[in-house]
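In what follows, a structure is listed as structure tokens, so that the remarks can point back to it.
2 protein chains.
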Amino acid sequence: MTTTAADTRALQARLLEEIPLARHMEIRVLCSDRRSLLLSAPLAANSNHKGTAFGGSLYSVAVLAGWGLLTLELEARGIDAQIVIQECQVDYLLPVSGDFTARATAPDAAVLERCARTLARYGRARIDVAVAIEHAGSEAVRLRATYVVVRS
Amino acid sequence: MTTTAADTRALQARLLEEIPLARHMEIRVLCSDRRSLLLSAPLAANSNHKGTAFGGSLYSVAVLAGWGLLTLELEARGIDAQIVIQECQVDYLLPVSGDFTARATAPDAAVLERCARTLARYGRARIDVAVAIEHAGSEAVRLRATYVVVRS
């Protein structure tokens, strides 16, 4: 089963509808191929006092990319669950001086399988997702985000 | 030298003027006494798909509390510098189901002194600030944020 353009559009609508701040950050779901999910955001809506991207915006877009990736993955597996961020380490490597993209990379298939089995057995599982903010061809921000998944 | 109500009001104006997202998050500078700085934000402007506070908003308000604390500290010392977030570990301990407050706690005096000396000598220094999000009397989110300070 693959993620379709309709899934991507539904995720975009859900993000903007359910999280007011996502509207203000003008987040767009660029694409998703089940191995990764890309969200973009413009600098203008997300700038700081130095005219570069605000660290809180970079973090928020990245955390939503990881959340979106897991949301589509669980939907594709027919699992109805809530996904919430539990902890995160974020490293700012370079200032971001323009529009930017957050790329969430899917965990290995074996890790996803283990998460799905734990969820089926205990109704709850933890899973790490790596997210990078890319700007002008370089990795500018790196996150290792841990999410808790709870079966609805 | 102490932080005055005028400093606190100037910080509030600066936050809302220079960071568009701070306006949308409806952040307010509650108070500052040089040992801590408190920012508040309402749930309505910062909610997620579950009706609790969005993890990105909690992070953003907390990181701005640490930034505000350092900004006032450096101003009080007569140091003109830029402060940017470099890395952060964030732990979400409890869901936040109402308006919330971020409390940044000043580093020990010896740590602030060392930061000021390093800044004077090299024009650049790193400093950690602990920030907690409090909600209904409990610590709900905990951050250890590292900032880089660069003399202007």
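Chains as they are written, first to last, in the numbering used here: chain Y, 1 to 152; chain P, 1001 to 1152.
Note that beta-carbon positions come from the ideal geometry of N, C-alpha and C, so glycine has one too.
task: Counting only the same chain and skipping the five closest in sequence on each side, list residues whose C-beta sits under 6 Å from that of P/V1148.
output: Locating residue 1148 of chain P in the second sequence gives position 148, counting from the first residue. Only V1084, Q1086, R1126 meet the Cβ criterion.
- prompt: the region 1070–1100 of chain P: which residues have C-beta closer than 7 Å to a C-beta of chain Y, in chain order?
  reply: Q1082, I1085, Q1086, E1087, C1088, Q1089, V1090, D1091, Y1092
Backbone CA spacing between Y/F54 and Y/D99 [nearest angstrom]: Residue numbering aside, residue 54 of chain Y sits at position 54 when the first sequence is read from its first letter. Residue numbering aside, residue 99 of chain Y sits at position 99 when the first sequence is read from its first letter. Computed Cα separation, rounded: 12 Å.
query: If you draw a straight line from the C-alpha of Y/A6 to the C-alpha of P/R1124, how long is it?
result: Residue numbering aside, residue 6 of chain Y sits at position 6 when the first sequence is read from its first letter. Residue numbering aside, residue 1124 of chain P sits at position 124 when the second sequence is read from its first letter. Approximately 49 Å between the Cα atoms of the pair.
task: Closer than 9 Å by beta-carbon distance: list the chain P residues that pair up with Y/S60, in chain order.
output: Residue numbering aside, residue 60 of chain Y sits at position 60 when the first sequence is read from its first letter. Those within 9 Å of Y/S60 in chain P are L1021, F1054, G1055, G1056, S1057, Y1059, S1060.
- prompt: Which class does Y/R34 belong to by DSSP, given the choice of helix, strand or coil?
  reply: Working through the first sequence from its first residue, we reach residue 34 of chain Y at position 34. Collapsing the DSSP output to three states places Y/R34 in coil.
- prompt: Nearest-angstrom Cα distance between Y/R117 and Y/G78?
  reply: Translated into the one-based positions of the first sequence, residue 117 of chain Y becomes position 117. Translated into the one-based positions of the first sequence, residue 78 of chain Y becomes position 78. C-alpha separation (whole angstroms): 13 Å.
task: State yes or no: is the beta carbon of Y/V63 nearer than 8 Å to at least one beta carbon in chain P?
output: By one-based count along the first sequence, residue 63 of chain Y stands at place 63. Closer than 8 Å: yes.
Residues from the region 131–147 of chain Y in contact with chain P, defined by Cβ distance under 8 Å: none
Where the beta strand (DSSP E) containing P/E1075 begins and where it ends: Indexing the second sequence from 1 puts residue 1075 of chain P at position 75. For P/E1075, no beta strand (DSSP E) encloses it; the enclosing alpha helix (DSSP H) starts and ends at 1055–1076.
- request: Could you list which residues in chain Y have their beta carbon closer than 7 Å to that of P/A1045, in chain order?
  value: For the purposes of this step, residue 1045 of chain P is identified with residue 45 of the second sequence, where counting begins at 1. In chain order: P20.
- prompt: Can you tell me whether DSSP reads Y/L39 as helix, strand or coil?
  reply: Here residue 39 of chain Y refers to the residue found at position 39 of the first sequence. DSSP, read as helix, strand or coil, puts Y/L39 in strand.
message: Suppose contacts are defined by Cβ-Cβ distances below 8 Å. Is Y/A130 in contact with Y/R144 by that definition?
response: Reading the first sequence from its first residue, position 130 is the one you call residue 130 of chain Y. Reading the first sequence from its first residue, position 144 is the one you call residue 144 of chain Y. Their beta carbons are under 8 Å apart, which means Y/A130 touches Y/R144 by this criterion.
message: Quick check on Y/E139: buried or exposed, where buried means 16 or more other Cβ atoms within 10 Å of its Cβ?
response: Taking the first residue of the first sequence as position 1, residue 139 of chain Y is located at position 139. Y/E139 comes out exposed.
task: Might you give, ordered along the chain, the residues of its own chain that have their beta carbon closer than 7 Å to the beta carbon of Y/T52, omitting 5 neighbours on each side?
output: Taking the first sequence and counting its residues from 1, one reaches residue 52 of chain Y at position 52. Listed in chain order, the non-local C-beta contacts of Y/T52 below 7 Å within the same chain comprise P95, V96, S97, local neighbours out to five positions each way being set aside.
- prompt: Starting from P/H1135 and walking both ways along the beta strand (DSSP E), at which residues does that stretch end?
  reply: Within the second sequence, the letter at position 135 stands for residue 1135 of chain P. Start and end: 1124–1135.
field: Nearest-angstrom Cα separation, counted from Y/S152 out to P/I1000
entry: Because chain P spans 1001 through 1152 in this model, residue 1000 of chain P falls outside it and cannot be assessed.
message: On the criterion of 16 or more Cβ atoms from any shown chain inside 10 Å, does P/V1029 qualify as buried, or is it exposed?
response: Indexing the second sequence from 1 puts residue 1029 of chain P at position 29. Buried, by the Cβ-count rule.
field: Where the beta strand (DSSP E) containing Y/L21 begins and where it ends
entry: Taking the first residue of the first sequence as 1, we reach residue 21 of chain Y at position 21. Looking at the DSSP string, Y/L21 is not in any beta strand (DSSP E); the run it does join, the alpha helix (DSSP H), is 20–24.
- prompt: According to the neighbour-count rule (16 or more other Cβ atoms, all chains shown, within 10 Å of its Cβ), is Y/M1 buried or exposed?
  reply: Locating residue 1 of chain Y in the first sequence gives position 1, where the first residue counts as 1. Annotation note: pLDDT 45 at Y/M1 (below 50); position unreliable, coordinate value reported separately. It counts as exposed.
query: Under the DSSP definition of a beta bridge, which residues are partnered with Y/A81?
result: Walking along the first sequence from the start, residue 81 of chain Y turns up at place 81. According to DSSP, which records beta bridges pairwise, Y/A81 is partnered with Y/R151.
message: For a test of the three-state rule: what should DSSP assign to P/A1102, helix, strand or coil?
response: Position 102 of the second sequence holds residue 1102 of chain P. If DSSP states are grouped into helix, strand and coil, P/A1102 belongs with the strands.
field: Inter-stretch contact at 8 Å, needing at least 3 Cβ pairs: the region 1009–1025 of chain P / the region 9–29 of chain Y
entry: yes
task: Could you check which residue in Y/T4, Y/H49, Y/T8 has the C-alpha nearest to that of Y/A65?
output: Residue 65 of chain Y sits at position 65 when you count from the first residue of the first sequence. Relative to the Cα of Y/A65, the nearest Cα in the group Y/T4, Y/H49, Y/T8 belongs to Y/T8.
field: Helix, strand or coil at Y/V29 according to DSSP, with G and I counted as helix
entry: Position 29 of the first sequence, counted from the start, is the residue given in the question as residue 29 of chain Y. Strand at Y/V29.
message: Please report the straight-line C-alpha distance between P/R1114 and P/A1076, rounded to a whole angstrom.
response: Within the second sequence, numbered from 1, the residue matching residue 1114 of chain P stands at position 114. Within the second sequence, numbered from 1, the residue matching residue 1076 of chain P stands at position 76. Those two C-alpha atoms are separated by around 16 Å.
query: Where Y/C70 and Y/L39 are concerned, what is the direct C-alpha to C-alpha distance, given to the nearest angstrom?
result: Taking the first residue of the first sequence as position 1, residue 70 of chain Y is located at position 70. Taking the first residue of the first sequence as position 1, residue 39 of chain Y is located at position 39. Note on identity: in this sequence residue 70 of chain Y is Leu, with Cys being the wrong assignment. Cα to Cα, the separation comes out at about 14 Å.
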